[in-house]
Structure formats: C-alpha cells, structure tokens
Amino acid sequence: MATSTSICFFAAHHHFLQPAIASQDRNQRRKRPQQQQIPRSKRRNNNIPSPKLKTKSKSLEEAVPSLARGGKYGLEATTYARLPPKDDFILPSLDSSAFNEVKLSELTQKISSLNFKDKYSVLDKDDSDDDDDVGEEFVEVENIGFDNYGEQFEFPSQEEEEDYVVGNQFVGLGNSNVEESSDFDEFGEEEEDYKEKGVPAVMRCFDRAKIYVKAGDGGNGVVAFRREKFVPYGGPSGGDGGKGGNVYVEVDAEMNSLLPFRKNIHFRAGRGSHGQGSKQAGAKGESIIVKVAPGTVVREATGKGGEEGKVLLELLHPGQRALLLPGGRGGRGNASFKSGTNKVPKIAEKGEEGIDMWLDLELKLVADVGIVGAPNAGKSTLLSVISAAQPQIANYPFTTLLPNLGVVSFDYDATMVVADLPGLLEGAHRGFGLGHEFLRHTERCSVLIHVVDGSGEQPECEFDAVRLELELFNPELSTKPFLVAYNKMDLPEAYERWNSFKDNLEARGFRTFCMSAANRHGTDEVVTAAYQLLKEKVEVNKDPKGWAEPVNMNYVAERVRKQRNASISDFEISQDGGSWHVVGAGLQRFVQMTNWQYSESMRRFQHVLDACGVNKSLIKLGVKEGDKVVVGEMEMIWHDSNDNIGTPNTKKGLAGQIKYHLPK
Ligand SMILES: Nc1nc2c(ncn2[C@@H]2O[C@H](COP(=O)(O)OP(=O)(O)OP(=O)(O)O)[C@@H](O)[C@H]2O)c(=O)[nH]1
Ligand SMILES: [Mg+2]
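Below, the structure is given as structure tokens:
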C-alpha cells in the first residue's frame, strides 16, 4: 500500500527569508557605522588643557569657488573643500587614559613629520611646551598665506628657514613625543588604528557612503463580492493591490560629494495601496530617486570582511538614471481567482514584499587631469593659478583634505577638468597619511601632473616615493600618461637642483617641466603639455564603434525581476536533523504572498506543494511522520496519512488529506 502524504500547517515563524540579492543581514540596520565615538560627557568633562588653536579652514562660503574670479584660463570652478564640523576635530589622544581636543592639521602634521623627518625636522619634545605658545605660533603661520607669499618666501635666509621649521611645530601634537612617532614608522597595527581614528567623519563620508534602499511592497488584493439590487450572485469583485514604488538612482550634476548620505541613509519607496471592492485596483506606490554625484560607483554592500562587493552601477554622466530595485507586485484580489471550477473564490494574495539591500557608494572624481605630489609641493597653488578654483593654500602639509576641482579653459571647446588631490606620503597606498582616502580618485583621471617640491632636500627621492605609492596602490596608475612639474623654481635651492633633477629624470624618459606656481612662471607650459597628453589619450581611446552601444542602466532591476519570477519547481531540499528546508526563490515568493487568513489559501498551498514536486521529493528523501518542513517563512509538520491511496490531483481530493497538527 502506498503511503500517501500530507503536510500540516502549523505556524508561520517570523524569519523572513529574502531572495538572494537582498541577502544582507537585517540586523545591519541596527548596527551603527564603526566610528570613533567619544562620549559627549567625556568631552565636556575633559580637564586636560587642550591647545586652543584657531581653525585654519575657510568658511563654507569661502570654500565655494566664486565664478567672478578669472585666472588666466579659468572661467569656472568647483571645489570640494568643506569645513569639517567641529566634532570631527575631537580625537582621542594616543594616551588612552585621557582625551584631548586635537586639530586635524595637528594630527596630519604629526604623521607627515614622521615620514618627512629630514624635511620638516622631527618635533622636539621640549619645543612643544605650553598651549599658549602654540596658539601664538599658529597665528604666525596663518599669516604665511599665498597672498603674502612674496614677503615670506623670497630667498629666505638661514634664520627665516629656522622660523619656518618652528612654524611647523605648532601643528604637531601639543604633547606628542618622538617615541610615539617611531611606532608608526614600523607600519604596525598601531599605524592602521591611528589612521582609522585620524580620519574625521567628514572626510570618510565625502566620497564613501553606505545606504539602505528598499523597493515598495505591493498592496494586498482583497476578497469582495458584488452586491447590487437586481444582480443576484454578482460574483467576486475584489480588486488587485497596487504595485510598490521603484528605487531609482540618478546622477545629480549639482552634487559634488556623498556628504548628504551622512545624515540620510535610509531610502524606502512607497507601498502600493490595497485593492478594493468593485474590482478597484490599488494605487501604485511612490517611487524614490536616490541622487548621487557624477562619478559614483554603486556596489552591493558586503559584510565586515572588508572585501568590496560586486559593482552594480557606474553613474558617470549627469542625468543618467538607473532603475535599481523594482517595486513588489500587487497581490491579486478574488476577482482574479475566478475560474470554471471555483466561481466563488474566497482567496486573495498579499502584496509582494519589495526587495531591500544595503549599498556601498563610492565617488571617484571624474577629472581629466589629476595633480598629485607630496604634501606641500604646491599642487593647490598650481590649480589656483590655472583655474578659477580657490583651494586652500598654506605652508604646511595636508592643507588640502578633500580634493578640489577646477576647470581650465583654453578656448570655447577646449576645456579640461583638473583635480587637486591631497598630498601623498610614503605608505599612502596602505592608508598612511590621507593618501589612501583619495588615491582612488586618480584612477579616473586620464592624465597626471606630478608636482615635485624643488626646495626639498631630495626632490628625486620625493618623486620616486610618490610614484611608488601610485604604483603600489594600483599598477595601472603608473601606466597613465603623466608629466613632472618641478615647482618653486624661484627659491635658490630649487633652482640649483633643477639641472641635475631634470637630467636624471629625462634620462629615465620622463617629461619634466620647471615652474614657479606662485609666480605663475612656467605654469602655461605645464598646462598646455597636460592638455596635449589628454588629447592624445582621447584619440587613442576612441572607440571605433563610437558611443552607439547603449548602456543598459536597468540591468540590476531586470536581474532582480528574473530571480523573483523563478519557477516554483526550482527548489532544493536540505535536511537538518528532524527538519527539512525547502529553498527556492519562486516557492518563497509564493509563501510570502499567500494570505493565510483565507482558508482556501492553505488548500492552494498544499496543491502547489504537490504539483511542483516538493511532496514527492520529500518522500524520496525519506521524510518521516512528525518531521518539520520549512518553506520560506512557513513551518509545518509532515503527516503521513494511510487513509489516502495515491495522490489525487483534484482540490477536493487534496483537501480531504489535510490534517493540521500542532508541533509539540
Ligand atoms: N616659493 C614658492 N613657494 C610656493 C610655490 N608654490 C607654492 N608655494 C608655497 O608652498 C606652500 C604649499 O603650497 P600648497 O599649494 O598649499 O601645496 P599643496 O601641494 O597643495 O599642499 P597640500 O595640500 O598640503 O598637500 C604654500 O605656502 C605656497 O605658498 C612656488 O612656486 N614658490
Ligand atoms: Mg593642497
């Protein structure tokens, strides 16, 4: 006698199984981003005197370039310079027992001083005495701006040079000492930690963001019957639910950073309205458009492992819009279930749940030319004289914390976008200094201008160190067309070393220019040469097919749809002790959309399990009486019934087999 089977519905347990694409752990929503948190109370109660340093950054208004100022070439410019909020400057001191308020520039100076010992001389413990002195020194240095550059830098005497060194000391950590610094030279773990803590949130958020997106759920279908005078047995009239809203990602030309995602990270599309009587379908849910800056790469967020997720979209051009997640389908009302055999269906579906996922956004600047070089080489000065951008310029390393963009215009149609990037240090590819945060921006630049500080003691070593960093970060960077701009030729030490530098580099096959960015000498040649390199590169890269091939921006949504519409017969069964797990996107979707409040739903479900072969497969695998069977969010107890011979296909027959068992 064949053993017939039935599955007994018990209860829906509340683990919602998402389709594979939305495999992110929902708990992540609760996890706060890993940031260095210092309790406010601790900050306030901090009795340790902290250096009262004036901030060096410009106000936001100043940071935004004015179109009014036109350089020789520049007509327009954008800049990323922003003043980080005050809180970002509060960082823990290296001594874990106390918290100090530390200005970012202090921190970065510390880092730089460790690497450029020869250049800036190592901080002396005794020199960093009390806070007031530090404050005064700061004021002095603040005055050494670009404007009064002439007074400060015209062939400084030996004494002036010493002042210059003292001037740099103010920016070292007030109570830093050399022992601590030696730890970081080892590139040990502490360095990594230090880096993590040392980058204020505003810099981390400028070009990286993690956001949560959720497509709208579909509206539920309803069970309703037409009741009208003179219309006996009016029939089922429950309308379908409306479709959930979609999630789009659009490039907004106005945006130049991902900072808006610092505060606002959840984006949920609206859900569809439920259906109504008289066959009225529910309204569609409202779609949501997530606006990102040009040059944003969208990745599927991965777990903590640090691996980068799969790239979903690359949004380069303003106006580009991609459908990322389609909204959930509306559930069918009972009018849709009417059939020849069931003219009075008392069943309706729930709306399909909209997919949700976490995304990693990364902004890579879309600039034609990138200006790279060691800190304080004069990169920002160069950008300021060739375009209308007004980046911050000062005589200490890491003045530039966020990249600045400027537009260099030669003619009506001859323009190029130039990015001034923060200084690079030895070890930048491993996240030392600020380099790592910004090195990726060079990846999108077609041409690089490598600015070398000619007044440094060993310009060649500086050049090689930066070049090596680029190569170590991404070997492709070293294959980009580039030229070397030897800066600060107005200084005698730079002038003296120029010939040997030039000979050396040209012997190695590098194109080398000299300039005095501050005096605008030689900058024209550099810019023109960079433009030529750019033109050559564009020519070489010209696709013979042109731009005809359209990029399908909606492929993610298409993939999601395909996955969701998978057949219910595609499933896998796994056994875990006494419980059986049936996994299949189509079946899971079916379970999710089943509205268990209607008794016919159970019968339909049983019928589907039978029809798609789940029951047969379970029997084959040896399911026993009382075993647990889990399909999607449903948990059921398997029941062998000897009363049933064979497996009748009709609903009636099947309904007769159902025995509800509660698991003990
Ligand atoms: N003498 C001289 N000084 C210059 C020249 N170009 C830049 N400087 C000075 O060098 C210092 C650093 O210039 P910045 O343009 O801020 O250098 P940077 O490379 O952008 O530095 P970071 O942003 O800190 O990496 C400033 O004090 C400039 O005034 C030059 O041609 N000659
Ligand atoms: Mg700069």
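Numbering (the UniProt record's numbering) for the sequence shown: 1 to 664.
All C-beta atoms, glycine included, are put in the ideal place defined by N, C-alpha and C.
Relative to the non-hydrogen atoms of ligand 1, the Cβ of Leu-491 comes within a distance shorter than 6 Å of at least one. Note on geometry: alpha-carbon atoms of Pro-403 and Ser-500 lie some 32 Å from one another. For a cut-off of 8 Å, the C-beta gap from Asp-570 to Glu-353 is around 20 Å, too long to register as a contact. For Gln-588, the closest of Arg-564, Ser-574, Pro-481, Glu-250 by C-alpha to C-alpha distance is Arg-564. Within the chosen limit of 6 Å, ligand 2 reaches the beta carbon of Ser-380 through at least one heavy atom. By DSSP's assignment, Thr-415 forms a beta bridge with Ser-409. Annotated three-state conformation of Ala-293 is coil, per DSSP.
Non-local beta-carbon contacts of Phe-267 in its own chain, meaning distances under 8 Å to residues more than five positions away in sequence, involve Ile-211, Tyr-212, Val-213, Lys-214, Val-247, Ile-288, Val-290 in chain order. In this structure, DSSP gives Asn-404 an extended state, which the three-state scheme calls strand. Three or more beta-carbon pairs separated by less than 8 Å are not found between the region 453-466 and the region 520-540, which leaves the two stretches without contact. If you ignore the 5 residues before and after Asp-368, its C-beta comes within less than 8 Å of the C-beta of Met-416, Val-417, Val-418, Cys-445, Ser-446, Val-447, Leu-534, all in its own chain and listed in chain order.
Short note on Ala-518: C-beta closer than 6 Å to some heavy atom of ligand 1.
Using a Cβ distance threshold of 7 Å, Leu-258 and Leu-363 count as a contacting pair. Only residues of its own chain outside the window of five on either side were considered, and among them Asp-627, Lys-628 have a CB closer than 7 Å to the CB of Gly-578, listed in chain order. Contact between Val-484 and Leu-424 is ruled out by a C-beta separation of about 14 Å, above the 8 Å threshold. Rounded to whole angstroms, Phe-482 and Ala-530 show a C-alpha spacing of 8 Å. Remark: the shortest separation between the CB of Phe-398 and any heavy atom of ligand 1 falls under 6 Å. Bounds of the beta strand (DSSP E) holding Thr-512 are 512-514. In this structure, the beta-carbon distance from Gly-272 to Gly-378 does not fall below 7 Å. Annotation for Ile-393 indicates a beta carbon within 6 Å of some heavy atom of ligand 1.
Remark: C-beta atoms of Val-631 and Val-591 approach each other more closely than 7 Å. In the three-state scheme derived from DSSP, where H, G and I count as helix and E and B as strand, Asp-576 is classed as strand.
Bridge partners of Ala-209 according to DSSP: Leu-361. Pro-481 carries a coil assignment under DSSP once its states are collapsed to helix, strand and coil.
Counted as a single uninterrupted DSSP element, the alpha helix (DSSP H) harbouring Ile-619 occupies residues 614-621.
In the three-state reduction of the DSSP assignment, Gln-592 falls in the helix class. At the C-beta level, Leu-382 and Ala-494 stay beyond 7 Å of one another. Taking 8 Å as the upper bound for CB-CB distance, Ala-611 and Ala-585 are not in contact here, some 17 Å apart. Look at the beta carbons and you see the region 238-256 touching the region 323-335: at least three pairs across the two are nearer than 8 Å. Our two residues, Gly-234 and Met-357, have alpha carbons roughly 44 Å apart in a direct line. Set against 6 Å, the gap from the CB of Gly-423 to the closest heavy atom of ligand 1 is smaller. By the neighbour-count definition (other C-beta atoms within 10 Å, threshold 16), Ser-380 is a buried residue. Here the distance from the Cβ of Ala-389 to the nearest heavy atom of ligand 1 is not below 6 Å. By the Cβ rule, the region 593-606 counts as touching the region 336-349, because three or more pairs are nearer than 8 Å.
In this structure, Gly-277 and Ala-224 form a Cβ contact; the two beta carbons are roughly 4 Å apart against a cut-off of 8 Å.
In this structure, Leu-439 keeps its C-beta atom at 7 Å or more from the C-beta atom of Phe-463.
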